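Chains as they are written, first to last, in the UniProt record's numbering: chain A, 1 to 777; chain B, 1 to 328. Note that beta-carbon positions come from the ideal geometry of N, C-alpha and C, so glycine has one too. None of the values given here were measured: they were computed from a predicted structure.
In structure tokens, the structure reads:
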């Protein structure tokens, strides 16, 4: 999730408005990351060594428990009935037949559901997690086509599924705005992204564009997308002694616990959310109605309840990515120096959420230009609230921006890589901040060499292999470094030299548990097997979001803080009889199951010795890092150079991606094995974005027409070629461990690289995703 | 899913006796029927499992093949005689679905699978004359990129989803049918109906009639046959357009030709007009294009699917050109 703006806002709340300038101008050493993390200089330890995921054997054996697999005594099953109109009221709700069906225990509707407060919407306060702010099954009103209207609770899943088909609902429909055209006609507003306008201006871009020797000015569009993680959203819920226990698939356990506590009117510590494994998150595994409905149903029937959404339910209840209409205009002088960048357009949202697809984000720091104008206009529809989906903003924004760059390169008759390098900025072009670490040029050069870019024929449509036209394209990938406030971690170290790290973080398949076991072991100077990393439990310290590619930084900074507290405590316990006597915490680090002076490792004492002499079995500390002021002091972004080779069938227009390379600059790569999978997974999702993903939202009814994996296409194996990934591995001196997040960048730039390759192959420029064959015939 | 009873047929007589009951349905691999039951679109009271009936593939004295209706799609595609003598059929089958589905799906069931029109599938939220005659058709002015360009009606614009049937239509396959009081054969091209004003009635089968076998006639022509499927991703997608064709060229002229199209109509579409136009003509791209043009003269585009007319034309020309190249 790209939410840099709102963190800035939250941080601003913490340090008071007007302080941001002061943070920008403050000396580096006052800023988190101003003193590089000592781990950056560890070059031969756990970090950087390809390490197999520690949860691999569990998952292969089917022994890793997912949310819908926790057994509970007396558990019953729920199924949902959903509305079939976009707006209006329920006037008749006949649940009798359903209630009389075999095995049915109860049918919950707005008439008998427990009274709940509306959910605080995500980012409306630090721990808010609601996908929107609409009340959940509290009255007869309908707000979108697919909104749950009844929950059937039965002894078996099959009985619940059957009975839901027996619920009869009569609606009184009200006029609904379900088409983008109608919404635009009603007027738009500058989109507010977490309290900040999605609008930037540097100089007079319109005038500079008009005065430019060469320019391109084009419109691009991207369709709606829906979340399709392999694991369906599911929860197992029970009320035990006044405590609401939720086994969930969640990327924000602490936020979720707090938000549910607000809704049910109970104390935060009376809600426990656990989520040991998540079968894919991507921004979709947050708080939607199903967790609330399951908890309410469980309270109503006094039994544990399991609710697993069907694939169709996921489309009806869990928001996706909104469609966008974008304009990108670029003006340049004849030697390719960009003089004007305009990136603007429109995207729909609802009245109940605050998430306009922020497609201008990648353009803010992309290229040097004396003038820049960026603007997102939001319109409101009567639909399910849209939400974060892997690299919101950057994924679809880079499609438009990087396609336009390619169009400009073509017009200038210039190599598209050289055009990008020529416009590499020295500082952030919109906020003027220095870059923390930016090595995109190295990534371009290394990628071009490895991909064989020099073999590309600049003229379109000139390479043919039988019935196939062959082309190459490239694009820049980009995603910000980001760290949210709220992190905290606890470290417990035993005399035997075993450490436990506790933090309310998340493992969604990215390799978090493995990587942070490695990082903690490195920081503590312990072998991997001497470290236990506990996560996925809202009762653990920290409010950590697995989103915005920021979890690694958030955990990293939290563990740095806890580790500093641990070292301080150990030095105190070590006392004057230790070789470490008199040293300050910042002078000391972990090595070889003990502590040593960083610049004089001979000054050393083992943990066993320190704790033994102090007659302590263990030591336990908890700490929180400073507010993430580094993102206001430096412009912190990852980049990638994406290379694509496509084959386009000359007769049918079918597109096949035959080669792909991503060359990344994301700071230090902690675990090359899981990182490679993250990059490749992002690129595969990007291929889907480029070629096939499209939610068909019927603008007559506001209903999604293709809520299934058979009609909503994602890439199958045959659509995915071998994907090569390389990286600069240059540490960012201002990020914990030197690492910036890598979870989302792979999907960015990919669609443009494909579109640009298609243009090189065919001479046809497709500006409307997905690139289906009818657009190439 | 609505509760139902289940019985496994011991033989054809047992099957048709049970299958004659009101609201009984024959169950093959279940890869489509069970999905539709889960969606409550199909609501049979009785399922008669016919997967235990003949799944033999036997050589006929006249050189043809008799394929038991319970044969799995995989077994048929892999059969040596099919691969060598009817390559279009093998290719059509493996172009469809996934390996897992093909392992389950039967030949008889494949013939009777129902459209994948998304509005047909949305029992709760969409109008569909195929589900409820007279209810209206949301596809007509809705998303209809996948829909019919040939033979559609104001009631229904959906397409038949099968790949296998397109090859069978081209190969002049015959369908063997059994009912308690009758035994008959029907050319595959006459099995499926166009929608007309009753899109809910999809075949010419009598109530309770059971498909027991498919017969492929001996045809040297079929040896030089092929199948090409054009779709939105490399695998596991229904055809936008598919072409099954066989061609024999003698002294540069078309001596015999069979063409069928998939993804374009409510039934596998035998291209009779194109075939007639080609007979005796020079086996050139110009002839193929003219024949394709003649076949598609009746094509009518909807809002989203106009490209299919050009795609069908191009694909027919490419497939015939490929076969002509092999024939030389």
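### Task
Tell me, please, whether the CB atom of residue 317 of chain A is closer than 9 Å to any CB atom in chain B?
Taking the first residue of the first chain as 1, we reach residue 317 of chain A at position 317. It does not: the Cβ of residue 317 of chain A has no partner Cβ on chain B nearer than 9 Å.
#### Entry: Cut-off 6 Å between Cβ atoms - residues of its own chain near residue 153 of chain B, not counting five sequence neighbours on either side
For the purposes of this step, residue 153 of chain B is taken as the residue at position 153 of the second chain. For residue 153 of chain B, where only same-chain residues beyond five positions count, the Cβ hits under 6 Å are 195 and 196.
### Task
In the DSSP assignment, find the unbroken alpha helix (DSSP H) run with residue 168 of chain B in it and report its ends.
Mapped onto the second chain, residue 168 of chain B falls at position 168. Run containing residue 168 of chain B: 164-170, per the alpha helix (DSSP H) assignment.
### Assigned exposure category for residue 122 of chain B - 16 Cβ within 10 Å defines buried
For this step, residue 122 of chain B is matched to residue 122 along the second chain. Burial call: buried.
### Query
Taking 9 Å as the CB-CB limit, is residue 715 of chain A close to chain B?
If you number the first chain from 1, residue 715 of chain A lands on position 715. Closer than 9 Å: yes.
### Message
If you follow the beta strand (DSSP E) that residue 239 of chain A is in, where does it begin and where does it stop?
### Response
Residue 239 of chain A sits at position 239 when you count from the first residue of the first chain. That run of the beta strand (DSSP E) goes 234-240.
### Query
Thinking C-beta only, is residue 645 of chain A closer than 9 Å to residue 659 of chain A?
Indexing the first chain from 1 puts residue 659 of chain A at position 659. Indexing the first chain from 1 puts residue 645 of chain A at position 645. In this structure, residue 645 of chain A lies closer than 9 Å to residue 659 of chain A by Cβ.
### Task
Look at the alpha carbon of residue 424 of chain A and the alpha carbon of residue 298 of chain B, and state the distance between them as a whole number of angstroms.
On the first chain, residue 424 of chain A is found 424 positions in, with the first residue counted as 1. On the second chain, residue 298 of chain B is found 298 positions in, with the first residue counted as 1. About 56 Å.
### Alpha-carbon to alpha-carbon, residue 29 of chain B and residue 156 of chain A
Your numbering for residue 156 of chain A matches position 156 in the first chain. Your numbering for residue 29 of chain B matches position 29 in the second chain. Going by the C-alpha atoms only, they are around 25 Å apart.
### Message
Please report the distance separating the alpha-carbon of residue 14 of chain A from that of residue 303 of chain A.
### Response
In the first chain, residue 14 of chain A corresponds to position 14, counting from 1. In the first chain, residue 303 of chain A corresponds to position 303, counting from 1. Since pLDDT at residue 14 of chain A reaches only 49, below the 50 mark, its modelled position is unreliable, and the value read off the structure follows with that caveat. Answer to the nearest angstrom: the Cα atoms are 42 Å apart.
### Query
Can you give the beta carbon distance from residue 428 of chain A to residue 365 of chain A, rounded, assuming they're within the 8 Å contact cut?
On the first chain, position 428 is the one that residue 428 of chain A refers to. On the first chain, position 365 is the one that residue 365 of chain A refers to. The Cβ separation is near 5 Å, so the contact holds.
### Query
Would you say residue 125 of chain B faces chain A, with C-beta separation under 9 Å as the test?
Indexing the second chain from 1 puts residue 125 of chain B at position 125. It does: the Cβ of residue 125 of chain B has a partner Cβ on chain A nearer than 9 Å.
### Query
By DSSP, does residue 24 of chain A sit in helix, in strand, or in coil?
Locating residue 24 of chain A in the first chain gives position 24, where the first residue counts as 1. It is helical.
### Query
Nearest-angstrom Cα distance between residue 12 of chain A and residue 631 of chain A?
Taking the first residue of the first chain as 1, we reach residue 12 of chain A at position 12. Taking the first residue of the first chain as 1, we reach residue 631 of chain A at position 631. Unreliable placement is indicated for residue 12 of chain A, whose pLDDT of 47 sits below 50; no coordinate value is reported for it.
### Task
Throw me the rounded Cβ distance for the residue 352 of chain A and residue 310 of chain A pair, which I believe falls under 8 Å.
On the first chain, position 352 is the one that residue 352 of chain A refers to. On the first chain, position 310 is the one that residue 310 of chain A refers to. No, residue 352 of chain A and residue 310 of chain A are not in contact; Cβ-Cβ is about 24 Å, not under 8 Å.
### Query
Relative to chain B, which residues along the region 157-176 of chain A have a C-beta separation below 8 Å, given in chain order?
158, 161, 162 and 165
### Message
Pop quiz: residue 555 of chain A and residue 544 of chain A are said to be a contact at Cβ under 8 Å. What is the actual Cβ separation, rounded to whole angstroms?
### Response
Stepping through the first chain from its first residue, residue 555 of chain A is reached at position 555. Stepping through the first chain from its first residue, residue 544 of chain A is reached at position 544. Right, their Cβ atoms sit about 7 Å apart.
### Query
Would the region 574-586 of chain A and the region 510-530 of chain A be scored as touching if the rule is three or more Cβ pairs under 8 Å?
no
### Message
I'd like to check one pair, residue 761 of chain A with residue 469 of chain A: are the Cβ atoms closer than 9 Å?
### Response
Taking the first chain and counting its residues from 1, the one referred to as residue 469 of chain A is at position 469. Taking the first chain and counting its residues from 1, the one referred to as residue 761 of chain A is at position 761. Yes, the pair counts as a contact, with Cβ atoms nearer than the cut-off.
### Complete runs of the alpha helix (DSSP H) confined to the region 26-87 of chain B [at least 4 residues]
33-38, 73-78 and 80-85
### From A:43, A:306 and A:21, residue whose alpha carbon lies closest to that of residue 78 of chain A
As a working mapping, residue 78 of chain A is identified with position 78 in the first chain. Minimum Cα distance to residue 78 of chain A is reached at A:306.
### Query
Under a Cβ-count criterion, where at least 16 other Cβ atoms within 10 Å of its own Cβ denotes burial, should residue 84 of chain B be classed as buried or exposed?
What you label residue 84 of chain B is simply residue 84 of the second chain in a count that begins at 1. Residue 84 of chain B comes out exposed.
### Query
Which class does residue 765 of chain A belong to by DSSP, given the choice of helix, strand or coil?
Locating residue 765 of chain A in the first chain gives position 765, where the first residue counts as 1. Three-state DSSP puts residue 765 of chain A in coil, outside helix and strand.
### Task
Can you grab the Cα-Cα spacing for the pair residue 47 of chain B / residue 200 of chain B, in whole Å?
Within the second chain, numbered from 1, the residue matching residue 47 of chain B stands at position 47. Within the second chain, numbered from 1, the residue matching residue 200 of chain B stands at position 200. Taking the straight line from one Cα to the other gives about 20 Å.
### Task
Please list the partners that residue 2 of chain B has in chain A, where partner means a Cβ-to-Cβ separation under 8 Å.
Taking the second chain and counting its residues from 1, the one referred to as residue 2 of chain B is at position 2. The answer, in chain order, is 162 and 165.
### Query
What residues of chain B sit near residue 706 of chain A, judged by a beta carbon separation below 7 Å?
Taking the first residue of the first chain as position 1, residue 706 of chain A is located at position 706. Ordered by position in chain B, the residues that pass the 7 Å Cβ test against residue 706 of chain A are 118.
### Query
Does DSSP put residue 676 of chain A in a helix, in a strand, or in coil?
The residue you call residue 676 of chain A lines up with position 676 of the first chain. Reduced to three states, the DSSP call for residue 676 of chain A is helix.
### Query
Where DSSP assigns a beta bridge to residue 6 of chain B, which residues make up the other side?
For the purposes of this step, residue 6 of chain B is identified with residue 6 of the second chain, where counting begins at 1. Note: residue 6 of chain B sits in a beta bridge opposite B:47.
### Task
Would you mind listing the beta strand (DSSP E) stretches within the region 223-307 of chain A that are 3+ residues and don't spill past its ends, in chain order?
234-240, 243-248 and 271-274
### Query
Sorted by chain position, which residues of the same chain lie with C-beta nearer than 7 Å to residue 93 of chain B's C-beta, five sequence neighbours on each side aside?
Within the second chain, numbered from 1, the residue matching residue 93 of chain B stands at position 93. Cβ within range, chain order: 73, 76, 77, 102, 163 and 164.
### Query
Three or more C-beta pairs closer than 8 Å, one from the region 197-206 of chain A and one from the region 399-418 of chain A: is that the case here?
no
### Query
Residues of chain A with CB under 8 Å from residue 142 of chain B, in chain order?
Position 142 of the second chain, counted from the first residue, corresponds to residue 142 of chain B. Going along chain A in sequence order, the residues near residue 142 of chain B (Cβ under 8 Å) are 698, 700 and 705.
### Query
Is the CB of residue 310 of chain B under 9 Å away from at least one CB in chain A?
Residue numbering aside, residue 310 of chain B sits at position 310 when the second chain is read from its first letter. For residue 310 of chain B, the answer is yes, since a Cβ of chain A falls inside 9 Å of its Cβ.
#### Entry: Distance between residue 436 of chain A and residue 600 of chain A (C-alpha atoms, nearest Å)
The residue labelled residue 600 of chain A in the question sits at position 600 within the first chain. The residue labelled residue 436 of chain A in the question sits at position 436 within the first chain. If I take the Cα positions, the gap works out to 29 Å.
### Which listed residue (A:679, A:75 and A:615) has its alpha carbon closest to that of residue 639 of chain A
Within the first chain, residue 639 of chain A is the residue found at index 639, counting from 1. Measuring from the Cα of residue 639 of chain A, the nearest candidate turns out to be A:679.
### Task
Starting from the beta carbon of residue 719 of chain A, find every residue of chain B whose beta carbon is closer than 7 Å, and list them in chain order.
What you label residue 719 of chain A is simply residue 719 of the first chain in a count that begins at 1. In chain order: 233 and 234.
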